[in-house]
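Following: one structure in structure tokens, then a few remarks.
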Amino acid sequence: MENSINGIHHITAIAGNAKRNFDFYTKTLGLHMVKKTVNFDDPETYHFYYGDKVGTPGTILTFFPWENIQTGRRGARQATEIGYSVPENSFDFWLKRFEDHNVTYNKVAEKFGEKYLTFLDPDGLKLELIASKTPDNRLPWETDEVKAENATKGFHSITITTNKMQPTADILTGVFGYKLLEQHVNRYRFVTDAVDNAAIVDLVEVAGEVAGHVAGGSVHHVAFRVKNEEVLMQYREKIVALGLHITEKIDRNYFYSLYFREPGGVLFEIATDNPGFAVDERLEELGLNLKLPAQYEQHRSALEKVLPKLD
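With our numbering applied, the sequence shown corresponds to residues 857 to 1167, in that order.
Dropping the structure here:
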């Protein structure tokens, strides 16, 4: 685990209306708003981080909510499904909850011996609740309506749709240390043994699939987890050696990042565990206040006026 890719760090997606996104993820799904900040490149847009109590890597789903963004289209060269781990006996709870809250969903199905429930968020982002075969002892965030016996525990997997799986598989196996666990028809499951959970990447190969369009209701990028900056830069050298373009190290306040586009077209990030989400507010206050990058603090009053109200 010291010098390895330790599964998924976070997944970032694009939303439309900010309050609708906030309400769906904190109320309907019962996730914890870990950090309420702004887009580094567009400070008049929020950047929401949802996760567990402390924002543990492997539980963090983030959003850029652009109010009038057009709707995206799922397709090849995209991360197309986000899988959350849930207790096996929770599906009846979620089916009723989705009915009560007018959430679009499919009936419970099974793949690789695991039951799963597919649903869409208000922007059309495709998610799955999955009863993992691997024991998941992560402590979930609880709300008044979503208790621990039903709550999501963090990520189970991410699914990438591709026209040709091998180039992406080569990055997963040759650089990130994943192994092909099993295959069913055109779905290939890769897993890392560096961590117990948030460890799975599924590649779905559809040769004739049209490339998707990343916009509202789409995954923007997938971030993989490393322990610290030293390990981060070791992976930068590996990516450079493959001839792929990768950014310099970027300080995201709560982690340090590198970005590169893998050969299948999906934007990958590598992100550190340090310094974590408690670097600028106490654990019991996570997500309650608007936190701004230092370069925007002088504009706080103006930003607070322009950012959408959430209550």
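Just so you know, even glycine gets a beta-carbon here, dropped at the ideal spot from N, CA and C.
Inter-residue Cα distance where the pair is residue i and residue j
i     : j     : result
L917  : L981  : 12 Å
T1008 : W950  : 10 Å
Y972  : A987  : 6 Å
V1075 : P1164 : 22 Å
S1157 : D1167 : 18 Å
E1005 : E1141 : 25 Å
G969  : K989  : 8 Å
T1195 : D1129 : Missing from the structure shown is residue 1195; the chain here goes from 857 to 1167 and no further.
G1120 : N1109 : 29 Å
K1027 : V890  : Lys is not the amino acid found at residue 1027; the sequence shown has Ile there. So the alpha carbons of these two residues sit roughly 30 Å apart.
T999  : G886  : 6 Å
F1032 : G939  : 20 Å
E1160 : V894  : 11 Å
G1064 : L976  : 24 Å
E798  : T884  : The question about residue 798 has no answer here: the residues shown for the chain are numbered 857 through 1167.
E1093 : T1029 : 16 Å
Cutoff 7 Å; reference residue i; Cβ partners in own chain excluding five residues on either side
i     : result
V1066 : G931, A932
E1038 : F968, R1045
A965  : Y972
P1023 : P1119, G1120
M1021 : Y1044, L1059, E1061
Own chain partners of residue i with C-beta closer than 6 Å, once the 5 adjacent residues on each side are dropped
i     : result
W1127 : Residue identity check: residue 1127 is Ala in the sequence provided, not Trp. Result list for A1127: H865, A1079, F1111, S1113, in chain order.
T1103 : L1114, Y1115
K892  : G1143, L1146
Y1091 : I1126
I1162 : One point to set straight first is that residue 1162 is Val, not Ile, in the sequence displayed. Correct list, in chain order: E900.
Same chain only: Cβ atoms within 8 Å of residue i, ignoring 5 sequence neighbours per side
i     : result
K967  : H1040, R1043
I925  : I870, A871, G872, A1071, G1072
V1062 : A932, T1017, T1018, N1019, N1042
E858  : K1083, V1087
T936  : R930, K982, T1015, I1016, T1017, V1060, G1068, V1075
A1025 : L1036, Y1044, F1046, L1059
K1105 : E1085, L1088, M1089, R1092, Y1112, S1113, L1114
Helix, strand or coil at residue i [DSSP, three-state]
i     : result
V1096 : helix
I1027 : helix
F1046 : strand
L1159 : helix
K1083 : coil
L1139 : helix
Q1090 : helix
E966  : strand
D1167 : coil
T1128 : strand
Y1034 : coil
F896  : coil
K971  : strand
H882  : The residue asked about is misnamed: residue 882 is Thr in this sequence, not His. Note: T882 maps to helix in three-state DSSP.
Supposed close pair residue i, residue j - CB separation, criterion 8 Å
i     : j     : result
V1047 : Y1034 : 6 Å
F880  : F904  : Actually they do not touch by this definition, with Cβ atoms about 11 Å apart.
P899  : Y1152 : 5 Å
G911  : G1099 : Wrong, their Cβ atoms sit about 34 Å apart, outside the cutoff.
S946  : D992  : Between D992 and S946 the Cβ distance is about 12 Å, and since that is not below 8 Å, they are no contact.
Cβ-based burial, residue i [other Cβ within 10 Å; buried from 16]
i     : result
T868  : buried
L1148 : buried
E1118 : buried
N958  : exposed
E984  : buried
Q934  : buried
P913  : buried
R1081 : buried
D979  : buried
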